[in-house]
Every structure is written in C-alpha cells, then in structure tokens.
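Below is one structure, written out as structure tokens, with a few remarks after it.
Here it is as structure tokens:
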C-alpha cells in the first residue's frame, strides 16, 4: 500500500520529514530541534526533577530538570536528523511524487 499524496503533504507539513535538494545538515538539525527536540525536552525535564543536581568539576552544578531538558533536546534533534538523512532517497521520491 502506497502513501497517498495527502498523507505525504501532512507528514511533511508537520515538519518531522522534509526534503529539499539543497538542504544542509545544519538546516535539518535546526528544523528538527524546533519540532522534535523541544517536544522531547519537556518529558525528560520532568523526569530530571527526581535526580536533584549533579556537580561537574570546573563548571559547577547542573540541576536535574536542566539535564533532562538538554538530554531530551539532543535526543529529539539527533533522532529526527538521522531519520531525515537516512531516508533521503525515499524523501526525494515522495517529494517528486507530489
């Protein structure tokens, strides 16, 4: 079963999947940070409240919620970026099919 053009438009409009011929890794990462990274940061920040704070020598202390939010932001951004980069050929086909 092939995805319909409407489904493809909706997925690409959501910002999780995108394809432009000249899109750089930096552009992909910025878009992924705004879409997937932020949404992954909030739940991990809540989980981080149970950690307390951690001392980093030469830097100071970082609270659990801040560590959780940073971990979520990094996780969301990297996973979205890798999805876009690994599926680039398929995204090209989807974009050309519209």
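Residue numbers (the numbering used here): 5 to 102.
We treat Cβ as the ideally placed atom computed from N, Cα and C, and that holds for glycine.
This structure is a prediction, so every number in the text was calculated from the model and none was measured.
Quick check: what's the CA-CA separation for residue 43 versus residue 76? One-based indexing of the chain shown puts residue 43 at position 39. One-based indexing of the chain shown puts residue 76 at position 72. Each residue's Cα considered, the two are about 8 Å apart.
How is the alpha helix (DSSP H) around residue 55 delimited, first residue to last? Taking the chain shown and counting its residues from 1, the one referred to as residue 55 is at position 51. DSSP places residue 55 in no alpha helix (DSSP H); its state is neither H nor E.
For residue 59, which residues in the same chain have their Cβ closer than 6 Å to its Cβ, ignoring the five residues on either side in sequence? Looking up residue 59 in the chain shown gives position 55. Same-chain partners within the cutoff: 65.
Would you check if the distance between the CB atom of residue 85 and the CB atom of residue 33 is smaller than 8 Å? Taking the chain shown and counting its residues from 1, one reaches residue 85 at position 81. Taking the chain shown and counting its residues from 1, one reaches residue 33 at position 29. Yes; because the gap between Cβ atoms is below 8 Å, this pair is in contact.
If residue 40 and residue 80 are in contact, beta carbons under 8 Å, what's the gap, nearest whole angstrom? Residue mapping note: residue 40 aligns to position 36 of the chain shown, counting from 1. Residue mapping note: residue 80 aligns to position 76 of the chain shown, counting from 1. Rounded, the Cβ-Cβ distance is 4 Å, consistent with contact.
Are the Cβ atoms of residue 88 and residue 98 separated by less than 8 Å? Residue numbering aside, residue 88 sits at position 84 when the chain shown is read from its first letter. Residue numbering aside, residue 98 sits at position 94 when the chain shown is read from its first letter. Taking 8 Å as the Cβ cut-off, residue 88 and residue 98 do not qualify as a contacting pair.
Could you compute how far the alpha carbon of residue 45 sits from the alpha carbon of residue 9? The count along the chain shown starts at 1 and reaches residue 45 at position 41. The count along the chain shown starts at 1 and reaches residue 9 at position 5. Residue 9 has its alpha-carbon roughly 31 Å from the corresponding atom of residue 45.
With a cut-off of 8 Å, does the C-beta of residue 38 fall near any C-beta of chain C? Note that chain C does not occur in the displayed structure, where there is just one protein chain.
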